[in-house]
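Comments concern the structure below.
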Amino acid sequence: MSSLSRRTSSMNASSWMYQFIDKSKVTSPHTPRSGPGSLHHRPCCSFFEGQSLTPENKTCHECGYSQAHHLARFSLSDDLDLIDTRLQDAFGNTPLHHAAAAGNTLRVIQLMSMAGRILTPGLHHRNADGQTYLHVLRIENPQDFPDLMTILQHAKEQGVRLSERDHSGSTVKMKLQQLVLDCNFD
1 MSSLSRRTSS MNASSWMYQF IDKSKVTSPH TPRSGPGSLH HRPCCSFFEG QSLTPENKTC
61 HECGYSQAHH LARFSLSDDL DLIDTRLQDA FGNTPLHHAA AAGNTLRVIQ LMSMAGRILT
121 PGLHHRNADG QTYLHVLRIE NPQDFPDLMT ILQHAKEQGV RLSERDHSGS TVKMKLQQLV
181 LDCNFD
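For what it's worth, the UniProt record's numbering labels the leading residue of the sequence shown as 1, then goes sequentially.
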């Protein structure tokens, strides 16, 4: 038997075996209970519900959600200097990911200009699901559409490609098309 046929045989056997494994039950003991990469709800902490963080409770010890992520999601004030753009939660989401997922387009624009000056992690950073901030971007109101155009223009200037795929195979372009379709222009 040639080495190629042995390798093909072992590859088929291993893919066959994975049909019997419940991947949802195979997790690291350090994986947060709230699901992979969730940017919309995490039962481990109530920070997503817009509750303010207290000085003694600045970071969720399970998912890594912090005051910087909170300010990126909910704040529109001049507290930009309090946000460390390099800070990542347990899923690899930066404040830019959180602002984009929350639909805080003004904060996204502010953070994009900051990330352009700071090399790490920058606008090309991907979270644990392989998503850039553009993969998770949300627009809640048609009035935010001009902000979307500003975000896309700045991303283009920084070399962010719409053809970038996340781990599920979705491109930024596919996500943006769905975003525009979901936006109610009536």
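Heads up, the beta-carbon is just placed ideally off N, CA and C, and yes, glycines get one too.
Practice task
Spatial neighbours of D166 within its chain, please: CB distance less than 7 Å, with the 5 preceding and 5 following residues excluded, ordered by chain position.
Solution key: In the sequence shown, the residue the question calls residue 166 occupies position 166. Here the set comprises D129, G130, Q131 and H135.
Handout entry: Chain-order list of residues whose beta-carbon lies under 6 Å from that of A68 (same chain, five-residue window excluded)
Key = Along the sequence shown, one-based indexing puts residue 68 at 68. For A68, the CB contacts under 6 Å within the same chain, skipping 5 residues up- and downstream, are I83, D84, L87 and P95 in chain order.
Problem - Span separating the alpha-carbon of S113 from that of L152 - result: One-based indexing of the sequence shown puts residue 113 at position 113. One-based indexing of the sequence shown puts residue 152 at position 152. One C-alpha to the other measures close to 13 Å.
Exercise for the section: Could you pull out every residue in the same chain whose Cβ sits closer than 7 Å to the Cβ of T150, ignoring the five residues on either side in sequence? Expected result: On the sequence shown, position 150 is the one that residue 150 refers to. For T150, same chain residues with a beta-carbon under 7 Å away, outside a window of 5 residues either side, are I109 in chain order.
Problem - Pick from T59, K58 and C63 that is closest to P43, judged by C-alpha positions - result: One-based indexing of the sequence shown puts residue 43 at position 43. For P43, the nearest C-alpha among the options comes from C63.
Problem - Neighbourhood of D147 by C-beta, 6 Å cutoff - its chain only, sequence neighbours within 5 removed - result: Within the sequence shown, residue 147 is the residue found at index 147, counting from 1. Exclusion of the five residues before and after D147 leaves T105 as the residues of its chain whose Cβ lies within less than 6 Å of its Cβ.
Problem - Selected residue, minimal CA-CA separation from I139, among L162, L179 and M174 - result: Walking along the sequence shown from the start, residue 139 turns up at place 139. Ranking the options by Cα distance to I139, first place goes to L179.
Practice task
With a threshold of 16 other CB atoms inside 10 Å of the CB of H97, please say whether the residue is buried or exposed.
Solution key: As a position in the sequence shown, residue 97 is number 97, starting the count at 1. So H97 ends up on the buried side.
Exercise for the section: Please name the residue, chosen from A99, T59 and D89, that lies closest to L80 on a Cα-to-Cα basis. Expected result: Against the sequence shown, residue 80 aligns to sequence position 80. Proximity to L80 across A99, T59 and D89 peaks at A99, based on C-alpha coordinates.
Practice task
Would you kindly work out how many angstroms separate the C-alpha atoms of K175 and H61, rounded to a whole number?
Solution key: As a first step, residue 175 is located in the sequence shown; it is residue number 175 there, counting from the start. As a first step, residue 61 is located in the sequence shown; it is residue number 61 there, counting from the start. A direct Cα-to-Cα measurement between K175 and H61 gives close to 31 Å.
Handout entry: Distance between Y133 and S170 (C-alpha atoms, nearest Å)
Key = On the sequence shown, residue 170 is found 170 positions in, with the first residue counted as 1. On the sequence shown, residue 133 is found 133 positions in, with the first residue counted as 1. S170 and Y133 have their C-alpha atoms spaced approximately 13 Å apart.
Exercise for the section: Return the CA-CA distance between L39 and L137, expressed in angstroms with no decimal places. Expected result: Residue 39 sits at position 39 when you count from the first residue of the sequence shown. Residue 137 sits at position 137 when you count from the first residue of the sequence shown. Each residue's alpha carbon lies about 10 Å from the other.
Problem - Simplified DSSP assignment, three categories, for S163 - result: Counting from one through the sequence shown, the residue named residue 163 turns up at place 163. The DSSP-derived three-state label of S163 is coil.
Exercise for the section: Could you say which of L123, H124 and L76 lies nearest to A102 if we only look at CA atoms? Expected result: Taking the first residue of the sequence shown as position 1, residue 102 is located at position 102. Nearest to A102 by alpha-carbon distance, out of L123, H124 and L76, is L76.
Exercise for the section: Could you give the DSSP three-state label for T85: helix, strand or coil? Expected result: As a first step, residue 85 must be located in the sequence shown, where it is residue number 85. Secondary structure of T85 (DSSP, three-state): coil.
Exercise for the section: Pick helix, strand or coil for S75, following the three-state DSSP scheme. Expected result: Within the sequence shown, residue 75 is the residue found at index 75, counting from 1. Look at S75 here: in three-state DSSP terms it is coil, with no helix or strand label.
Practice task
Please state whether DSSP places S38 in a helix, a strand or coil.
Solution key: For this step, residue 38 is matched to residue 38 along the sequence shown. Note: S38 maps to coil in three-state DSSP.
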